[in-house]
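Some notes on the structure that comes next.
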Amino acid sequence: MTNTTTALEPLVGRLAETAPGLRVETGPGSTGPYAYDASNYRVPPRAVVFPRSADDVVAVLRACRETGIPVTARGGGTSMAGNAVGPGVVLDLSRYLNRILDIDPEARTARVEAGVILDALRSATALHGLTFGPDPSSHSRCTIGGMIGNDACGNRSVRHGRTSGHIEALEIVTADGVRAVADRTGLRAADPEDRDAVQRVAALEADLRRLIDTNLALLRTELGRIPRQVSGYQLHHLLPERGFDMARALVGTEGSCAVVTAATVRLVATAQASTLLTLGYDDVVDAAEDVPEILRRHPTAVEGMDEAIVATMRARRGPDSVTGLPEGRAWLYVELDGEDQAEVDARAGELLDVLKAQGRMTGGRVVHSPAERRSLWRVREDGAGLAARLVDGSESWPGWEDAAVAPENLAAYLRDFRKLLAAHSLTGVLYGHFGAGCVHVRIDFDLATDTGRAATRRFLSEAAALVVEHGGTLSGEHGDGRARGELLEVMYSHRMIRTFAAFKEIFDPEGLLNPGVIVDPAPLDADLALRELPLVETTFTFPHDEDGFAGAVRRCVGVGRCRSDTGGVMCPSYRATGEEDASTRGRARLLQEMVRGGTVQDGWRSTEVRDALDLCLSCKACSSDCPVGVDMATYKAEFLHQHYKGRLRPRSHYSLGWLPVTSKLVGYAARPLNALLRGPVGTLLARLGGVTTERRIPAFASRRALRRALRASRTGEPAKTLLFVDSFTRAFRPEVAGATSRVLADAGIPCTAEDDLCCGLTWVSTGQLSLARRIMARTVARLDNGDERPIVVAEPSCAAALKRDMPELLGTDAARRVAARVHTLTGALTDLAEPGWTPPELPDDVVLQTHCHEYATFQGRHPRDLLGRLGVRKVGEAEGCCGLAGNFGFEEQHYDTSMAVADLALKPRLDAIDQDTPTVVVADGFSCATQIDHLAGDRGIRALHLAELLDPAAERPGQPGENS
Numbered sequence: 004m005t006n007t008t009t010a011l012e013p014l015v016g017r018l019a020e021t022a023p024g025l026r027v028e029t030g031p032g033s034t035g036p037y038a039y040d041a042s043n044y045r046v047p048p049r050a051v052v053f054p055r056s057a058d059d060v061v062a063v064l065r066a067c068r069e070t071g072i073p074v075t076a077r078g079g080g081t082s083m084a085g086n087a088v089g090p091g092v093v094l095d096l097s098r099y100l101n102r103i104l105d106i107d108p109e110a111r112t113a114r115v116e117a118g119v120i121l122d123a124l125r126s127a128t129a130l131h132g133l134t135f136g137p138d139p140s141s142h143s144r145c146t147i148g149g150m151i152g153n154d155a156c157g158n159r160s161v162r163h164g165r166t167s168g169h170i171e172a173l174e175i176v177t178a179d180g181v182r183a184v185a186d187r188t189g190l191r192a193a194d195p196e197d198r199d200a201v202q203r204v205a206a207l208e209a210d211l212r213r214l215i216d217t218n219l220a221l222l223r224t225e226l227g228r229i230p231r232q233v234s235g236y237q238l239h240h241l242l243p244e245r246g247f248d249m250a251r252a253l254v255g256t257e258g259s260c261a262v263v264t265a266a267t268v269r270l271v272a273t274a275q276a277s278t279l280l281t282l283g284y285d286d287v288v289d290a291a292e293d294v295p296e297i298l299r300r301h302p303t304a305v306e307g308m309d310e311a312i313v314a315t316m317r318a319r320r321g322p323d324s325v326t327g328l329p330e331g332r333a334w335l336y337v338e339l340d341g342e343d344q345a346e347v348d349a350r351a352g353e354l355l356d357v358l359k360a361q362g363r364m365t366g367g368r369v370v371h372s373p374a375e376r377r378s379l380w381r382v383r384e385d386g387a388g389l390a391a392r393l394v395d396g397s398e399s400w401p402g403w404e405d406a407a408v409a410p411e412n413l414a415a416y417l418r419d420f421r422k423l424l425a426a427h428s429l430t431g432v433l434y435g436h437f438g439a440g441c442v443h444v445r446i447d448f449d450l451a452t453d454t455g456r457a458a459t460r461r462f463l464s465e466a467a468a469l470v471v472e473h474g475g476t477l478s479g480e481h482g483d484g485r486a487r488g489e490l491l492e493v494m495y496s497h498r499m500i501r502t503f504a505a506f507k508e509i510f511d512p513e514g515l516l517n518p519g520v521i522v523d524p525a526p527l528d529a530d531l532a533l534r535e536l537p538l539v540e541t542t543f544t545f546p547h548d549e550d551g552f553a554g555a556v557r558r559c560v561g562v563g564r565c566r567s568d569t570g571g572v573m574c575p576s577y578r579a580t581g582e583e584d585a586s587t588r589g590r591a592r593l594l595q596e597m598v599r600g601g602t603v604q605d606g607w608r609s610t611e612v613r614d615a616l617d618l619c620l621s622c623k624a625c626s627s628d629c630p631v632g633v634d635m636a637t638y639k640a641e642f643l644h645q646h647y648k649g650r651l652r653p654r655s656h657y658s659l660g661w662l663p664v665t666s667k668l669v670g671y672a673a674r675p676l677n678a679l680l681r682g683p684v685g686t687l688l689a690r691l692g693g694v695t696t697e698r699r700i701p702a703f704a705s706r707r708a709l710r711r712a713l714r715a716s717r718t719g720e721p722a723k724t725l726l727f728v729d730s731f732t733r734a735f736r737p738e739v740a741g742a743t744s745r746v747l748a749d750a751g752i753p754c755t756a757e758d759d760l761c762c763g764l765t766w767v768s769t770g771q772l773s774l775a776r777r778i779m780a781r782t783v784a785r786l787d788n789g790d791e792r793p794i795v796v797a798e799p800s801c802a803a804a805l806k807r808d809m810p811e812l813l814g815t816d817a818a819r820r821v822a823a824r825v826h827t828l829t830g831a832l833t834d835l836a837e838p839g840w841t842p843p844e845l846p847d848d849v850v851l852q853t854h855c856h857e858y859a860t861f862q863g864r865h866p867r868d869l870l871g872r873l874g875v876r877k878v879g880e881a882e883g884c885c886g887l888a889g890n891f892g893f894e895e896q897h898y899d900t901s902m903a904v905a906d907l908a909l910k911p912r913l914d915a916i917d918q919d920t921p922t923v924v925v926a927d928g929f930s931c932a933t934q935i936d937h938l939a940g941d942r943g944i945r946a947l948h949l950a951e952l953l954d955p956a957a958e959r960p961g962q963p964g965e966n967s
């Protein structure tokens with residue numbers, strides 16, 4: 004094995020000659036996030052390279068061979084076994100090598116580059132009534148190349164099997180930089196005119212055929228025994244009776260034999276009808292006992308999970324986030340499909356009757372609602388993340404998360420496996436593809452101490468022996484990687500292990516491709532990321548993380564949901580830029596490096612971490628959308644506080660961070676100052692304050708306007724609620740305070756107003772936490788006075804600051820008492836309005852932009868749901884961040900990113916508004932409304948606050964002239 008400490012200068016220089024323009028990153032801010040995937044391992048690379056073509060890959064492999072530097076190919080970086088980390092060069096194929104090259108509906112094939120996201124392929128093929136069969140839970144961010152590397156399967160593997168069963172041809176680059184095509188009958192040079200390549204590939208194939216011919220009996224007896232036997236190399240595809248299927252033999256080699264740059268994949272028809280059953284059980288073993296009977300009904304999916312995952316989902320996203328499950332402590336999802344919905348429903352009913360007669364099921368139902376189905380599948384798909392950090396705060400880890408047995412042996416295996424866990428005093432959270440016999444389990448290993456690591460090694464050795472005893476495999480779809488490569492000797496004969504090594508050596512004689520996996524594997528307890536770290540002193544209390552800030556950033560386990568382009572709100576900066584270090588995961592990994600003093604050496608003063616956090620919009624969506632509850636907005640606030648402690652800050656921290664103070668002063672002379680700010684003086688002040696001049700500075704309201712609005716809304720009724728008039732409402736739209744007051748009175752919960760307090764949000768978002776604490780402490784002292792009335796806040800971001808930031812920053816019982824009383828207007832109307840209250844007449848259609856902080860912090864209290872209950876027939880929601888995000892979009896360096904985020908969801912929704920049709924746009928957040936005005940104000944489109952829409956004193960929206 005070549006020394007991986009070889010200097011990078013020769014490599015970088017060589018690449019500059021052979022691949023000019025190729026992006027090569029070597030700094031800690033770029034390489035740090037790539038030291039991790041979704042496994043337990045940390046292997047910092049020397050460089051990260053972002054190829055745009057197969058020729059770029061050729062140049063990298065040739066240069067690495069010349070300089071003796073190993074190469075690890077990487078897709079979405081969601082590997083759970085350490086398959087996508089390596090010590091030399093990491094090839095990120097997802098960033099640019101991600102084109103769909105061709106779709107042939109008649110042949111039912113598609114040709115795609117390795118970095119294509121599975122969901123992107125499925126969206127493109129859906130136009131032809133086709134799809135790619137394997138569907139891992141990471142389908143929104145995993146790449147086709149990564150699926151090929153691991154031989155991934157997914158939720159519907161009962162029907163569609165493994166990725167290898169859907170591959171027609173692979174376009175590869177060998178370790179010495181030769182382009183070749185592996186297809187169903189062998190291996191050939193990609194360019195038949197390249198004589199050197201033709202000779203090299205012919206020699207390679209000849210060596211492979213000799214290897215197979217001398218091991219026929221071995222391959223026939225040890226490989227391909229059960230459907231999910233992914234461990235090792237799948238050399239049985241090269242047997243004569245299988246036609247020397249080189250394409251499928253390379254699937255599952257984890258990038259250790261060649262780098263896949265493109266693939267021709269086989270597509271399947273989309274089902275015309277389907278239905279989902281949810282079945283409840285007292286125990287996962289009982290659920291597994293019913294699997295053989297279920298399989299006789301030819302389902303597409305049979306998925307299992309235990310109660311811990313469901314409890315965590317409900318705790319993190321609200322009790323309504325999981326509906327449609329029958330009583331039980333473990334569940335199966337069973338999906339049936341067919342050509343006719345009535346026939347499918349009839350089969351579902353028959354299956355329920357049979358399972359009831361079996362006597363193990365505690366309850367079962369057919370899920371008819373599409374929304375319920377989506378909700379249920381999301382619970383299952385987020386299983387790895389939800390199981391990583393449970394509702395009680397306990398942590399669990401992969402390492403033995405992918406074992407598989409024949410489905411008929413599953414119950415017996417689970418029974419013995421749970422005994423093994425108990426014998427080692429371990430707890431496992433179980434879920435997985437029960438219909439295929441594949442069990443995913445995350446276990447509360449102690450990977451931070453020498454004692455714990457030794458205990459983990461003993462458990463894994465015994466677990467490997469147990470699954471082999473049950474006729475199973477170490478890995479069913481995640482690959483062996485660093486986690487299980489060492490254990491292959493438990494599963495296979497010494498001769499088979501030598502055959503695997505010979506196969507790799509033919510392709511990669513110098514061992515440069517993804518070293519440490521499958522062949523000559525690294526010890527399973529080497530390069531573990533977790534270790535004991537000193538407590539980090541912080542201003543936020545991080546009450547939900549036992550180890551404080553270090554435990555908080557450790558929440559990220561790399562599952563990568565933040566790299567999704569669709570679904571939820573997280574992560575707007577990644578969606579706008581496509582950069583790993585602009586994702587929640589990338590930032591969390593850099594913060595982990597900072598805490599451990601790894602690739603990031605400067606602690607809180609790190610410029611690499613500062614730069615990675617710079618494009619974080621502090622939208623808080625990750626605190627809800629991330630399965631493990633990473634809260635990057637809070638981490639950013641803490642970092643900025645520590646980073647700039649005792650130092651000069653960016654200008655916008657003063658101009659925008661102190662807005663509650665300056666706006667209060669401006670309120671005494673709003674009219675002349677507004678006139679001044681609209682001219683050259685305003686432009687000059689914006690530049691001096693680090694504020695973009697691309698936006699119009701919002702007009703300030705006078706103090707008199709607020710008093711007038713509140714005076715006009717008084718009803719004389721005894722107040723049942725307290726209206727907290729936040730700084731944004733007070734300074735820019737006092738009419739919202741008046742409307743909110745009237746709506747609350749109309750709903751039977753009249754209010755009294757408190758208009759001289761602040762939530763501290765702007766100081767939190769700019770990391771001025773000492774000031775934020777003082778302001779919040781004053782607010783708590785005023786509000787925690789024995790008054791238990793609910794507090795209603797019209798501005799969602801300020802409501803979220805009071806609800807979450809305030810108790811986590813102050814850490815006092817008083818702060819928690821005040822936070823427990825806080826509601827958004829949506830929440831107040833949902834939970835507190837008098838029964839039977841109905842608002843004035845509402846329009847049929849509404850375009851809605853929900854504030855990210857409301858989405859993240861007030862789960863189950865969504866404006867969309869409230870509008871539907873109040874009678875709005877169609878709510879067209881812009882599902883995503885508006886892009887302005889408080890101070891972010893006003894800062895001059897962030898304007899372009901702010902607009903790019905708006906382009907993702909909000910702008911298309913506004914552009915679709917028909918100018919000839921009266922349309923109501925609702926946005927409770929001041930920043931959302933400001934962005935809407937910036938995007939569409941010139942077309943007469945203005946966003947209403949929900950209070951203005953429901954205001955009994957207002958002209959009814961939708962009448963001629965409103966947004967028209």
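Per the working numbering, the very first residue in the sequence shown carries number 4; after that it's consecutive. In this text, a Cβ means the ideal position worked out from N, Cα and C, and glycines have one as well. A quick note: this is a predicted structure, and the numbers were derived from the prediction, not measured.
- Scanning 757, 730 and 707 for the CA closest to the CA of residue 724 turns up 757.
- The closest CA to that of residue 25, considering only 779, 99 and 938, is found on 99.
- Within the stretch 124 to 160, the complete alpha helix (DSSP H) segments at least 4 residues long are 147 to 153, listed from N- to C-terminus.
- In the three-state DSSP reduction, residue 696 falls in the coil class, being neither helix nor strand.
- Fewer than three beta-carbon pairs drawn from the stretch 688 to 697 and the stretch 662 to 670 are found closer than 8 Å, and the two stretches are therefore not classed as touching.
- Within the same chain, Cβ atoms closer than 8 Å to the Cβ of residue 734 are found at 662, 663, 666, 667, 669, 670, 703 and 704, the five residues on either side in sequence being excluded.
- Just so you know, the alpha carbons of residue 565 and residue 587 end up roughly 6 Å apart.
- Burial is judged here by how many other beta carbons sit within 10 angstroms of a residue's own beta carbon; residue 163 has at least 16 and is buried.
- For residue 436, the enclosing beta strand (DSSP E) has its first and last residue at 431 to 436.
- The residue among 837, 706, 371 and 252 with its C-alpha nearest the C-alpha of residue 226 is 252.
- Residue 862 and residue 851 have their C-alpha atoms roughly 17 Å apart.
- Fully enclosed alpha helix (DSSP H) runs of no fewer than 4 residues occupy 219 to 225 and 249 to 253 of the stretch 201 to 284, in order along the chain.
- Taking the Cβ atoms as the reference, residue 849 lies roughly 5 Å from residue 878, within the contact range of under 8 Å.
- Inside the stretch 447 to 498, DSSP marks no whole beta strand (DSSP E) run of 3 or more residues.
- Contact between residue 371 and residue 405 is ruled out by a C-beta separation of about 33 Å, above the 8 Å threshold.
- Residue nearest to residue 554 within the set 398, 573, 448 and 653 is 398 (criterion: CA-CA distance).
- Annotation for residue 51: the continuous beta strand (DSSP E) segment containing it runs 50 to 53.
- DSSP places residue 644 in the uninterrupted alpha helix (DSSP H) bounded by 635 to 646.
- Classified as buried, residue 910 has 16 or more neighbouring CB atoms from the shown chains inside 10 Å of its CB.
- Take residue 889, set aside five residues on each side of it, and the residues of its chain with a beta-carbon closer than 6 Å to its own are 768 and 930, in chain order.
- Per DSSP, the continuous alpha helix (DSSP H) segment holding residue 766 begins and ends at 764 to 768.
- The C-alpha of residue 104 is placed about 8 Å away from the C-alpha of residue 113.
- The closest CA to that of residue 22, considering only 36, 47, 53 and 45, is found on 53.
- Comparing C-alpha distances from residue 648 to each of 457, 580 and 542 shows the shortest one belongs to 542.
- Between the alpha carbons of residue 47 and residue 196 lies a gap of roughly 40 Å.
- Taking 3 residues as the shortest admissible run, the stretch 733 to 818 contains the following complete beta strand (DSSP E) segments, listed from N- to C-terminal end: 754 to 757 and 794 to 796.
- Shown here for residue 751: same chain residues with a beta carbon closer than 7 Å to its own, the five before and five after excluded, namely 836, 837 and 840 in chain order.
- At least 8 Å separates the beta-carbon of residue 238 from that of residue 223.
- Here residue 614 carries a helix assignment [DSSP, helix/strand/coil].
- With a 10 Å radius around the Cβ and a threshold of 16 neighbouring Cβ atoms, residue 378 comes out buried.
- Secondary structure note for residue 334: its beta strand (DSSP E) is the uninterrupted segment 333 to 341.
- Residue pairing from DSSP places residue 407 in a beta bridge opposite 441 and 476.
- Restricting attention to alpha helix (DSSP H) runs no shorter than 4 residues, the stretch 845 to 929 encloses them at 855 to 860, 866 to 872, 898 to 905 and 909 to 914, ordered along the chain.
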